[in-house]
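2 protein chains.
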Amino acid sequence: MEIVFVLFDRITALDAIGPYEVLQRLPGAEVKFAGKERGQYRTDTKSLALVADYALAEVPRPDILVMPGGFGTRELVDDREVVDWVRAVHEHTTWTTSVCTGSLVLGAAGLLEGLDATTHWKELETLRKYGARPTLQRVVEQGKIVTAAGVSSGIDMALTLVDRIMGDFAAQAIQLAIEYDPQPPFDCGSPTKAPKEVVDFLSSLM
Amino acid sequence: MEIVFVLFDRITALDAIGPYEVLQRLPGAEVKFAGKERGQYRTDTKSLALVADYALAEVPRPDILVMPGGFGTRELVDDREVVDWVRAVHEHTTWTTSVCTGSLVLGAAGLLEGLDATTHWKELETLRKYGARPTLQRVVEQGKIVTAAGVSSGIDMALTLVDRIMGDFAAQAIQLAIEYDPQPPFDCGSPTKAPKEVVDFLSSLM
Chain A
472 MEIVFVLFDR ITALDAIGPY EVLQRLPGAE VKFAGKERGQ YRTDTKSLAL
522 VADYALAEVP RPDILVMPGG FGTRELVDDR EVVDWVRAVH EHTTWTTSVC
572 TGSLVLGAAG LLEGLDATTH WKELETLRKY GARPTLQRVV EQGKIVTAAG
622 VSSGIDMALT LVDRIMGDFA AQAIQLAIEY DPQPPFDCGS PTKAPKEVVD
672 FLSSLM
Chain B
472 MEIVFVLFDR ITALDAIGPY EVLQRLPGAE VKFAGKERGQ YRTDTKSLAL
522 VADYALAEVP RPDILVMPGG FGTRELVDDR EVVDWVRAVH EHTTWTTSVC
572 TGSLVLGAAG LLEGLDATTH WKELETLRKY GARPTLQRVV EQGKIVTAAG
622 VSSGIDMALT LVDRIMGDFA AQAIQLAIEY DPQPPFDCGS PTKAPKEVVD
672 FLSSLM
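Sequence lines, in order, name chains A and B.
Under my numbering, the first residue of the first sequence is numbered 472, with each subsequent residue one higher.
Under my numbering, the first residue of the second sequence is numbered 472, with each subsequent residue one higher.
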């Protein structure tokens, strides 16, 4: 089972690494990180580089596509080469997935037309541009397309995917392997739960 | 505020990237990834390389040290150069932290003697070898040393750290920025919660 994670400049690292840490544990998983060209891609703050061992053109038939988000998606949605690649591989995938603003790239490829979809809460309305129905849910399943909310949600999305692919025993085993028993110090990880002043502060920043 | 993440071969990527995604958002954060030498380090399954922009010798005075885990720590605990570096930088850090089996490296450096500490649940007993008291908690604070449990726990550890450093508003803002509103599909992320057959299966594997 070939699983391709797309890398690009100004990616949000956790968008990719969350689902990677889950999906690489699927029996038979063949994980590949791919960018427009092979080489290093820097994260949003530039303080880390992740390495693409493959160029997109070298991985035309992934079984699972994971499209991460990050500030770089602002350019990516207008990058014909990437968007065309996404549209083409989607025809053959078993699952096409995104985390955070990665869904905007799926949208730009025309894959979300008429579907429920999610993204980072700050960008939800942008989904309408691509004909999608913005949905404030952590994981949104629409047939073989699965979109996840902001950054950390890719972990939940990937565990859900393992459950669909291999059943609950495998999903539970992987969840325990990565000791995913989250105990966030606050109950504020969604705009519907966070104090208004925190939401306002972030809204003014981002 | 200089924050150094240690990279090494056979690292578990999420151990580093979870806390990275949180701590890089601290105002004034200067994040550096460092390995024994500058260059690429491959994860446990080798399917991803992370890039160390710095050699350990180039970052002798981090304010915050994050020591991730992974199978590679088995060799790291016997690597005199790394262990000596950890011991030396700890004298000047404000916070010395670990995720997963990263705590074994802190232990090898003699930092956990007589302290409560945690690690991946499968390796808890190994902590005794370093004079630490194994503690099945997700985040264990002992003065300036903070150890976190397996893999995904580094996110909770880092948010706790932000709370200590900058207060709850900053921690809540970062939690909302990464939309950390975890909704794991199962309640099985700890050996005390997972079905016995899942725990037994993983125990036989790992």
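Glycine included, C-beta positions come from ideal geometry on N, C-alpha and C.
Inclusion of GLY602 of chain A and GLU584 of chain A in the CB contact set at 7 Å is warranted, their separation being smaller than that value. Shown here, ARG545 of chain A sits in a helix according to DSSP, grouped into three states. Scanning its chain for C-beta atoms nearer than 6 Å, with the 5 sequence neighbours on each side dropped, one finds around ASP534 of chain B the residues MET472, GLU473 and THR565, in chain order. Around the C-beta of HIS563 of chain A, fewer than 16 other C-beta atoms lie within 10 Å, and the residue is accordingly described as exposed. The secondary-structure analysis by DSSP pairs PHE476 of chain B across a beta bridge with B:PHE504 and B:VAL537.
Against GLU492 of chain B, the close residues of chain A are THR483, ALA484, LEU485, VAL622 and SER623, in the order they occur along the chain (beta-carbon pairs closer than 8 Å).
Neighbours of SER661 of chain A in chain B, taken as residues whose beta carbon is under 8 Å from its own, are LEU647, GLU650 and ASP652 in chain order. Taking 8 Å as the upper bound on Cβ-Cβ separation, chain B lies near residues ILE626, ASP627, LEU630, THR631, ASP634, ASP639, PHE640, ALA642, GLN643, ALA644 and GLN646 of the segment 625-646 of chain A. Between the segment 616-633 of chain B and the segment 663-673 of chain A there are fewer than three C-beta pairs closer than 8 Å, too few to call the two in contact. With distances taken between CA atoms, LEU647 of chain A lies nearest to B:LYS593 out of B:LYS593, B:PHE504 and B:GLY510. With 16 or more other Cβ atoms inside 10 Å of its own Cβ, GLY660 of chain B counts as buried. Shortest Cα-Cα distance from PHE479 of chain A to any of A:PHE504, A:VAL622 and A:TYR491 involves A:PHE504. Taking every protein chain shown into account, the CB of GLY499 of chain B has fewer than 16 other CB atoms within 10 angstroms, so this residue is exposed. For the C-beta of ARG609 of chain B, the chain A residues within less than 7 Å are, from N- to C-terminus, ASP652 and GLN654. Within the segment 555-597 of chain A, complete alpha helix (DSSP H) segments of at least 4 residues are found at 573-579, given in chain order. Ranking B:VAL522, B:VAL502, B:LYS517 and B:SER518 by CA distance to the CA of GLY510 of chain B puts B:VAL522 first.
Only those residues of the segment 515-546 of chain B whose C-beta falls short of 7 Å from the nearest C-beta of chain A are listed: THR516, SER518, LEU519, ALA520, LEU521 and VAL522.
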